[in-house]
Amino acid sequence: MDLRVLMSFVTVCRLGNITRAAEALYISQPALTRQIQELEQELGCQLLVRSTRSLSLTENGYLFMLRAQEILDLAKQAKNELSENGDILHGVIRVGIVESKIMDYFADAVVQFNKKYPHVQFEVYSADGDDLKRNLDENKLDMALLIEPVESAKYTKIPIEVTEKWGLVIREEEVSPKKKTLSYEEIIERTLILPRRYIILSEISSWFKVPESKFKVIAYHNLASNALIMVEKGLGSLLCIEGSFTNRPREGLRFLPLSPERTTSHVAVRKKNRKLSKPCEIFWADIEQYFPVRK
Numbered sequence: 238m239d240l241r242v243l244m245s246f247v248t249v250c251r252l253g254n255i256t257r258a259a260e261a262l263y264i265s266q267p268a269l270t271r272q273i274q275e276l277e278q279e280l281g282c283q284l285l286v287r288s289t290r291s292l293s294l295t296e297n298g299y300l301f302m303l304r305a306q307e308i309l310d311l312a313k314q315a316k317n318e319l320s321e322n323g324d325i326l327h328g329v330i331r332v333g334i335v336e337s338k339i340m341d342y343f344a345d346a347v348v349q350f351n352k353k354y355p356h357v358q359f360e361v362y363s364a365d366g367d368d369l370k371r372n373l374d375e376n377k378l379d380m381a382l383l384i385e386p387v388e389s390a391k392y393t394k395i396p397i398e399v400t401e402k403w404g405l406v407i408r409e410e411e412v413s414p415k416k417k418t419l420s421y422e423e424i425i426e427r428t429l430i431l432p433r434r435y436i437i438l439s440e441i442s443s444w445f446k447v448p449e450s451k452f453k454v455i456a457y458h459n460l461a462s463n464a465l466i467m468v469e470k471g472l473g474s475l476l477c478i479e480g481s482f483t484n485r486p487r488e489g490l491r492f493l494p495l496s497p498e499r500t501t502s503h504v505a506v507r508k509k510n511r512k513l514s515k516p517c518e519i520f521w522a523d524i525e526q527y528f529p530v531r532k
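Okay, structure coming up:
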């Protein structure tokens with residue numbers, strides 16, 4: 238199976254139109270159509286449903302698109318790793334990062350690393366801890382920067398001393414400007430938007446000494462971006478770490494820390510017993526130079 242044909246198929250899927258895909262690939266429309274038809278014959282199934290205006294994927298087509306993209310990503314990764322044998326270090330470091338102030342430290346780390354290795358690129362993926370771990374497990378990421386707690390049995394960890402306060406994001410009109418913190422009792426009485434991660438929910442319940450069922454929850458979220466809009470609309474208050482708000486502050490909203498205070502730290506993780514590319518191994522070995530690390 239030709240990688241160029243896989244690229245053609247993925248491009249058709251992305252653009253949803255043979256003509257636009259042919260233009261993007263710099264080949265003729267008949268040639269691209271023939272490639273897709275020959276691919277379907279080789280696989281023995283229909284991949285695309287053709288209509289006069291657009292294309293859609295069959296169930297088999299969707300599955301094959303996912304696998305084709307994985308193959309193309311692996312081919313690109315292999316090419317980068319094989320090229321590391323030269324005198325100039327280059328390649329891609331794929332890092333997953335939670336939404337927090339750890340991003341400030343990571344951006345500084347990229348600046349420092351780029352000065353030493355200007356031909357290395359970074360691929361940054363933002364998501365919550367569960368999504369990042371799943372991508373790490375599937376080898377779609379090389380490493381991740383997560384909020385604790387993290388199930389650690391299958392990961393090599395480096396604890397990072399970058400702490401975040403937990404608190405509530407609310408509309409300014411709902412509290413006095415003099416209000417500086419919120420008690421646990423005040424939070425339990427509010428309608429809440431909570432993180433979806435089970436391990437975090439369990440920890441929150443332990444802080445408040447009440448089961449999760451006692452919270453008045455209107456929604457769960459994996460990233461704060463959309464949750465903040467829900468707060469703006471008056472749907473509820475967002476329980477989150479401070480960095481999730483300060484990374485994208487919105488007018489009319491405030492972050493009030495919990496009282497008593499609750500903080501959490503970060504951790505850098507990678508899969509155990511998995512050898513990474515040379516640029517990744519160098520970056521991992523230098524993490525203590527870029528982040529304040531707990532000894």
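Once you know that position 111 of the sequence shown is 348 in this note's numbering, the rest is easy, because the numbers rise by one and skip nothing. Here a beta-carbon is modelled for each residue, glycine too, at the ideal position from N, C-alpha and C. Computed from a predicted model, the values in this text were never measured in an experiment.
*asked:* Let me make sure I understand the geometry here. Which of F359, A312 and A381 has the alpha-carbon closest to that of H327?
replied: Translated into the one-based positions of the sequence shown, residue 327 becomes position 90. Ranking F359, A312 and A381 by Cα distance to H327 puts F359 first.
*Cβ shell of Q283 (< 8 Å), same chain only, five flanking positions each side left out*: The count along the sequence shown starts at 1 and reaches residue 283 at position 46. The answer, listed in chain order, is E277, T295, N297 and G298.
*Enumerated in chain order, which unbroken segments of the beta strand (DSSP E) with a length of 3 residues or greater are wholly contained in the region 271-308?*
285-287 and 292-294
_Closest to P414 by C-alpha separation, out of L490, L300, D379 and Q314, would be which residue?_
Start at 1 with the first residue of the sequence shown, and residue 414 comes out as number 177. Nearest option by C-alpha distance: L490.
_For V412 and V506, which I take to be in contact (beta-carbon distance under 8 Å), what is that distance rounded to the nearest angstrom?_
The count along the sequence shown starts at 1 and reaches residue 412 at position 175. The count along the sequence shown starts at 1 and reaches residue 506 at position 269. Your pair V412 and V506 does not check out as a contact, with CB atoms roughly 37 Å apart and the cut at 8 Å.
_Backbone secondary structure at G328 - three-state DSSP_ = In the sequence shown, the residue the question calls residue 328 occupies position 91. In this structure, G328 counts as strand in the three-state DSSP scheme.
*Roughly how many angstroms separate the alpha carbons of N254 and G281, rounded to a whole number?*
As a first step, residue 254 must be located in the sequence shown, where it is residue number 17. As a first step, residue 281 must be located in the sequence shown, where it is residue number 44. Whole-angstrom Cα-Cα distance: 22 Å.
*asked:* Tell me the rounded alpha-carbon separation between G333 and R287.
replied: Taking the sequence shown and counting its residues from 1, the one referred to as residue 333 is at position 96. Taking the sequence shown and counting its residues from 1, the one referred to as residue 287 is at position 50. Whole-angstrom Cα-Cα distance: 37 Å.
*Spatial neighbours of V247 within its chain, please: CB distance less than 8 Å, with the 5 preceding and 5 following residues excluded, ordered by chain position.*
Here residue 247 is taken as the residue at index 10 of the sequence shown, counted from 1. Result list for V247: M302, A305, Q306 and L309, in chain order.
*asked:* Measuring straight from C-alpha to C-alpha, what distance separates I455 and D365?
replied: The count along the sequence shown starts at 1 and reaches residue 455 at position 218. The count along the sequence shown starts at 1 and reaches residue 365 at position 128. One C-alpha to the other measures close to 19 Å.
*With a threshold of 16 other CB atoms inside 10 Å of the CB of M380, please say whether the residue is buried or exposed.*
Residue mapping note: residue 380 aligns to position 143 of the sequence shown, counting from 1. Counting Cβ neighbours within 10 Å, M380 comes out buried, since at least 16 surround it.
*Grab me the residues of L285's own chain with a C-beta within less than 6 Å of its C-beta, minus the 5 sequence neighbours each way, in chain order.*
In the sequence shown, residue 285 corresponds to position 48, counting from 1. So the list reads L292 and G298, once near-sequence residues are dropped.
*Shortest alpha-carbon distance to F520 belongs to which of V249, Q349 and Q266?*
The residue you call residue 520 lines up with position 283 of the sequence shown. Answer by Cα proximity: Q349.
_Whole-angstrom C-beta distance between E401 and I524, which should lie under 8 Å_ = Along the sequence shown, one-based indexing puts residue 524 at 287. Along the sequence shown, one-based indexing puts residue 401 at 164. With 8 Å as the limit, I524 and E401 do not qualify as a contact, their Cβ atoms being about 19 Å apart.
*asked:* Which residue marks the beginning of the beta strand (DSSP E) containing E401, and which one marks its end?
replied: For the purposes of this step, residue 401 is identified with residue 164 of the sequence shown, where counting begins at 1. Start and end: Y392 to R408.
*Please say whether H503 and V399 have beta carbons closer to each other than 8 Å?*
The residue given as residue 399 occupies position 162 in the sequence shown. The residue given as residue 503 occupies position 266 in the sequence shown. For V399 and H503, yes; Cβs fall inside 8 Å.
*Do L472 and L465 have their C-beta atoms within less than 8 Å of each other?*
Along the sequence shown, read from residue 1 onward, the residue named residue 472 stands at position 235. Along the sequence shown, read from residue 1 onward, the residue named residue 465 stands at position 228. Their beta carbons are not under 8 Å apart, which means L472 does not touch L465 by this criterion.
*Extent of the continuous beta strand (DSSP E) to which L378 belongs*: In the sequence shown, the residue the question calls residue 378 occupies position 141. Careful: L378 lies outside any beta strand (DSSP E) and carries neither H nor E.
*Go ahead and label D368 buried or exposed: buried means 16 or more other beta carbons lie within 10 angstroms of its beta carbon, across all protein chains shown.*
On the sequence shown, residue 368 is found 131 positions in, with the first residue counted as 1. By the Cβ neighbour-count rule, D368 is buried, with 16 or more other Cβ atoms within 10 Å of its own.
*asked:* If you measure between the beta carbons of K391 and K470, is that distance less than 8 Å?
replied: Counted from its first residue, the sequence shown places residue 391 at position 154. Counted from its first residue, the sequence shown places residue 470 at position 233. Contact: no.
*How many angstroms separate the CA atom of P486 from the CA atom of R271?*
Here residue 486 refers to the residue found at position 249 when the sequence shown is read from its first residue. Here residue 271 refers to the residue found at position 34 when the sequence shown is read from its first residue. If you take the alpha carbons of P486 and R271, they lie about 51 Å apart.
*Can the beta-carbon of E385 be found closer than 8 Å to that of S363?*
Position 148 of the sequence shown, counted from the start, is the residue given in the question as residue 385. Position 126 of the sequence shown, counted from the start, is the residue given in the question as residue 363. No, they are not a contact pair.
*Which two residues bound the contiguous beta strand (DSSP E) that contains A364?*
Start at 1 with the first residue of the sequence shown, and residue 364 comes out as number 127. First-last for A364: undefined, no H or E at that position.
*If you compare alpha carbons, which of P432, K512, L419 and K416 is closest to L460?*
Looking up residue 460 in the sequence shown gives position 223. Looking from the CA of L460, the closest CA among P432, K512, L419 and K416 belongs to P432.
*Figure out for me which residue from I424, N376, F452 and K370 has the closest Cα to the Cα of C517.*
Numbered from its first residue, the sequence shown carries residue 517 at position 280. The shortest C-alpha separation from C517 is found at N376.
*Would you mind giving the Cβ-Cβ distance between A312 and L240, rounded to the nearest angstrom? I have them listed as a contact below 8 Å.*
One-based indexing of the sequence shown puts residue 312 at position 75. One-based indexing of the sequence shown puts residue 240 at position 3. With 8 Å as the limit, A312 and L240 qualify as a contact, their Cβ atoms being about 6 Å apart.
*For the candidate residues T418, G404 and M244, whose alpha-carbon lies nearest to that of E441?*
Here residue 441 is taken as the residue at index 204 of the sequence shown, counted from 1. The sequence given here has Ile at residue 441, not Glu. Checked all of T418, G404 and M244; the closest Cα to I441 is G404.
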